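K.L.:
Okay, so the sequence shown: first residue is 429 according to my numbering, each after it adds one.
Where a beta carbon is used, it is the ideal one built from N, C-alpha and C, also for glycine.
If you're wondering where the values come from, they're calculated on a predicted model, not measured in any experiment.
Okay, here's the structure, questions in a sec.
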Amino acid sequence: MSERLTSPCDNPDEMTRGFAEWFESAYQKLKRYEEAEENGRLFRLPCKPEEVVYTVHKKYDPDEDKEIYILTEEIVLNFVITGHYVVAQCSGMTYDLSDFGCNVFTDRSDAEYRVMHLNKSK
């Protein structure tokens with residue numbers, strides 16, 4: 429049997445008082461998050477440490493005598509704030525947060541599409 433979502437409370441005043449306290453707490457927490465976001469102190473990371481990311485790199489192909497783009501997998505070790513920048517320290521390199529969605533991807537199919545598109549345009 430699952431846990432009840434409602435309380436079997438016979439006193440509506442008690443229910444209302446509990447809700448008001450919960451609502452005030454939730455409101456204050458949301459207010460702090462919004463103020464932090466407005467002041468540039470809150471951002472959303474594209475993934476968590478220990479997740480795999482897919483990176484796009486140039487490589488020289490001697491068989492075709494040209495540069496091609498390849499896909500590599502790396503593990504995110506940590507995110508570090510350095511001055512005004514947030515960087516992802518990965519198993520191979522360090523990437524600026526702005527590299528995500530351009531040269532670093534959390535989804536393999538997005539990275540494969542980027543590699544295909546870059547290699548076609550050469």
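List the whole-angstrom C-beta distance separating proline 477 from threonine 534, where the pair is believed to meet the contact cut-off of C-beta under 8 Å.
P.N.:
Incorrect: roughly 13 Å between the Cβ atoms, too far for contact.
K.L.:
Give the DSSP bridge partners of leucine 473, in chain order.
P.N.:
For leucine 473, which the question treats as bridged, DSSP gives no partner whatsoever.
K.L.:
Would the beta-carbon of threonine 483 fall within 8 Å of that of asparagine 547?
P.N.:
No, the Cβ-Cβ distance between threonine 483 and asparagine 547 is not below 8 Å.
K.L.:
Report buried or exposed for arginine 542, applying the criterion of at least 16 other Cβ atoms within 10 angstroms of its Cβ.
P.N.:
Flag for arginine 542 reads buried.
K.L.:
Could you check what DSSP says for aspartate 527 in three-state terms: helix, strand or coil?
P.N.:
Reduced to three states, the DSSP call for aspartate 527 is helix.
K.L.:
Spatial neighbours of glutamate 502 within its chain, please: C-beta separation below 6 Å, excluding the five flanking residues on both sides.
P.N.:
Within the same chain, glutamate 502 has close Cβ partners Val481, Thr483, Cys518, Ser519, Gly520.
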